[in-house]
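Chains as they are written, first to last, in the UniProt record's numbering: chain A, 1 to 375; chain B, 1 to 124.
Following this line, the structure appears as structure tokens:
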């Protein structure tokens with residue numbers, strides 16, 4: 001059997017909840033420089049289904065959290081992203097991307113305008129990119145205070161999430177989707193946002209690292225709440241059609257071809273003023289040359305990242321950027337980029353898997369309908 | 001009497017006469033997690049010791065299964081087509097993968113017995 005891949009030997013950082021994960025039977029694996037829980041005893045399929053049916057608790061403390069503060073911070077951060085950040089009301093959040101000079105995505109992130117008179121933006125970025133992101137923001141926006149937060153971050157996702165969190169932090173259950181609130185507690189505050197990356201209703205809760213174990217134990221004390229690892233998180237986001245940085249997004253992909261045009265505000269489209277505006281403006285007006293699509297392999301075997309897609313006539317049509325098995329649909333699913341002429345749902349493509357030709361149909365995203373909270 | 005042997009790559013082999021039943025160890029299935037697809041060879045295929053015999057796909061990744069010995073595929077576990085999770089649930093019995101007719105019975109002696117394999121796994 002193939003050996004499990006080893007990391008490159010660099011020392012791994014440990015999560016504040018490392019001991020709890022191990023006591024819960026987690027299988028740990030290196031990811032983005034962290035020793036992360038890949039799965040617990042029940043396994044990825046069970047954790048994925050449990051999150052869709054009840055609620056899963058994910059430790060995402062490896063992600064980068066920071067505050068950018070100072071008058072004009074939102075306007076300034078718009079010089080690096082295409083999102084409408086100036087238009088963010090206090091306590092509201094948006095998904096956007098840090099762009100390189102060519103309009104390629106150097107990371108995707110959540111930006112929250114914190115309540116209060118002072119202009120403060122809370123940003124959450126990918127673990128694998130946070131060192132570069134933080135250096136970029138410091139370098140490009142030196143006139144603002146930039147404060148990395150060394151806090152734990154826990155995602156509680158699934159249909160039971162609101163009732164469970166509301167019992168611990170009354171009022172959390174009423175938070176609108178994509179909004180944020182601090183819940184004062186005796187020692188330190190919990191930052192709660194109604195958001196996540198699973199397609200389910202749910203929350204992300206940031207707290208002081210030394211408070212995290214007690215909090216997660218309180219979550220897990222509830223019926224229907226179970227720990228879920230990175231493996232389930234990846235399956236859930238793929239089912240939900242959500243792109244993952246380093247796989248479906250990278251420095252070569254622009255937000256339009258990635259299917260993220262919805263995250264580019266109307267004012268920003270008109271005014272520009274973000275890196276790579278020329279490319280993104282052209283893609284918005286004319287359609288991008290290639291598009292991120294859903295893919296349904298016509299086989300029981302998963303088709304994985306890197307597989308080349310060809311048309312009926314044998315032309316290279318694109319490639320797979322994320323592929324795996326959907327626990328919810330009990331079948332292989334994938335995402336990838338295809339040239340625009342092949343991007344319509346229903347188009348039949350093919351790939352080669354271990355010497356066999358496998359049909360792959362273009363499919364609409366998401367594979368599993370989103371169930372975000374609508375007040 | 002049947003005899004159970006293991007490779008350092010976590011395949012097992014159960015010898016019954018000159019036919020070896022091959023699968024992956026309990027340790028291996030636990031490491032892989034939920035198995036969702038098994039790609040089995042065609043009956044009649046000849047494999048040499050150490051060559052690719054099958055592919056086991058978990059939710060996360062595809063893992064090759066290597067032939068512990070040289071031989072010819074005489075049977076595959078067709079039940080895995082509908083129930084790949086048998087490899088997780090019962091790796092040493094219902095979750096077997098392939099039956100090989102041995103070409104060189106001496107190769108079996110190069111594999112670890114149960115005690116040696118249990119000791120090997122403890123070092124991982």
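Glycine is no exception: its CB is placed at the ideal position from the N, C-alpha and C atoms.
Any C-beta of chain B under 8 Å from that of residue i
i                      : result
residue 335 of chain A : no
residue 36 of chain A  : no
residue 171 of chain A : no
residue 368 of chain A : no
residue 223 of chain A : no
residue 358 of chain A : no
residue 39 of chain A  : yes
residue 302 of chain A : yes
residue 43 of chain A  : yes
residue 344 of chain A : no
Option nearest residue i by Cα separation, candidates the options
i                      : options                       : result
residue 255 of chain A : A/106, A/28 and A/59          : A/106
residue 69 of chain B  : B/123, B/8, B/113 and B/105   : B/105
residue 96 of chain B  : B/9, B/40 and B/7             : B/40
residue 369 of chain A : A/321, A/258 and A/240        : A/240
residue 378 of chain A : A/361, A/298 and A/162        : A query on residue 378 of chain A cannot be resolved here, the shown segment of chain A reaching from 1 to 375 and no further.
residue 59 of chain B  : A/300, A/363 and A/277        : A/300
residue 265 of chain A : A/358, A/96, A/56 and A/338   : A/96
residue 358 of chain A : A/235, A/116 and A/298        : A/298
residue 113 of chain A : A/26, A/220 and A/71          : A/71
residue 245 of chain A : A/38, A/336, A/356 and A/47   : A/336
residue 117 of chain A : A/148, A/73 and A/146         : A/73
residue 228 of chain A : A/11, A/46, A/35 and A/18     : A/46
residue 100 of chain A : A/320, A/273, A/374 and A/355 : A/273
residue 54 of chain B  : A/1, A/204, A/122 and A/57    : A/1
residue 74 of chain B  : B/115, B/28, B/44 and B/57    : B/44
residue 77 of chain B  : B/113, B/18, B/37 and B/107   : B/37
residue 201 of chain A : A/212, A/179 and A/184        : A/179
residue 122 of chain B : B/7, B/19, B/27 and B/21      : B/27
residue 237 of chain A : A/267, A/198 and A/269        : A/198
residue 267 of chain A : A/84, A/10, A/355 and A/364   : A/84
Residue-level contact to chain A via CB, residue i, 8 Å cutoff
i                      : result
residue 109 of chain B : no
residue 119 of chain B : no
residue 62 of chain B  : yes
residue 37 of chain B  : yes
residue 11 of chain B  : yes
residue 57 of chain B  : yes
residue 34 of chain B  : yes
residue 87 of chain B  : no
residue 76 of chain B  : no
residue 67 of chain B  : no
residue 93 of chain B  : no
residue 22 of chain B  : no
residue 113 of chain B : no
One or two residues paired with residue i in a DSSP bridge
i                      : result
residue 14 of chain A  : A/35
residue 359 of chain A : A/350
residue 120 of chain B : For residue 120 of chain B, which the question treats as bridged, DSSP gives no partner whatsoever.
residue 59 of chain A  : A/154
residue 202 of chain A : A/157
residue 336 of chain A : A/293 and A/320
residue 16 of chain B  : B/19
residue 373 of chain A : The partner list for residue 373 of chain A (beta bridge, DSSP) is empty, contrary to what the question assumes.
residue 64 of chain A  : A/125
residue 4 of chain B   : B/14
Only counting runs of 4 or more residues, tell me where the alpha helix (DSSP H) segments fall wholly within the stretch 252-325 of chain A, in order along the chain. Listed in chain order, they are 266-271 and 277-286.
Do the stretch 303-316 of chain A and the stretch 341-357 of chain A make contact, defined as three or more Cβ pairs closer than 8 Å? Output reads yes: the stretch 341-357 of chain A touches the stretch 303-316 of chain A.
Entirely within the UniProt domain "Lipoyl-binding" (19-101) of chain B and at least 3 residues each: give me those beta strand (DSSP E) ranges in chain order. Listed in chain order, they are 19-24, 35-39, 52-58, 62-66 and 71-76.
Completely contained beta strand (DSSP E) runs for the stretch 87-169 of chain A, where each covers 3 or more residues: The stretch 87-169 of chain A contains these whole beta strand (DSSP E) runs: 93-99, 105-113, 120-125, 145-149 and 151-157.
Taking contact to mean 3 or more Cβ pairs, one atom from each stretch, closer than 8 Å, check whether the stretch 52-60 of chain A and the stretch 150-163 of chain A are in contact. Pairwise C-beta distances place the stretch 52-60 of chain A in contact with the stretch 150-163 of chain A, as three or more of them are shorter than 8 Å.
With three or more C-beta pairs closer than 8 Å as the rule, is the stretch 58-66 of chain A touching the stretch 125-139 of chain A? Yes, they touch.
Inter-stretch contact (C-beta, 8 Å, three-pair minimum) for the stretch 74-91 of chain A and the stretch 22-35 of chain A: The stretch 74-91 of chain A vs the stretch 22-35 of chain A: no contact.
Check whether the stretch 41-54 of chain B touches the stretch 290-298 of chain A, counting contact only when three or more Cβ pairs, one atom from each stretch, lie closer than 8 Å. Between the stretch 41-54 of chain B and the stretch 290-298 of chain A there are fewer than three C-beta pairs closer than 8 Å, too few to call the two in contact.
Say whether the stretch 171-178 of chain A touches the stretch 191-202 of chain A, bearing in mind that this needs 3 or more beta-carbon pairs closer than 8 Å, one atom from each stretch. With contact defined as three or more Cβ pairs closer than 8 Å, the stretch 171-178 of chain A and the stretch 191-202 of chain A are in contact.
On the three-pair Cβ rule with 8 Å, is the stretch 134-153 of chain A touching the stretch 268-284 of chain A? Result no; under three Cβ-Cβ pairs closer than 8 Å.
Counting Cβ pairs closer than 8 Å, one from the stretch 76-84 of chain A and one from the stretch 213-228 of chain A, do we hit at least three? Taking one beta carbon from each stretch, the stretch 76-84 of chain A and the stretch 213-228 of chain A have fewer than 3 pairs nearer than 8 Å; the two do not touch.
Are there three or more Cβ pairs, one per stretch, closer than 8 Å when the stretch 82-92 of chain B is compared with the stretch 107-117 of chain B? Counting C-beta pairs with one atom in each stretch, the stretch 82-92 of chain B and the stretch 107-117 of chain B have fewer than three that are closer than 8 Å, which means they do not touch.
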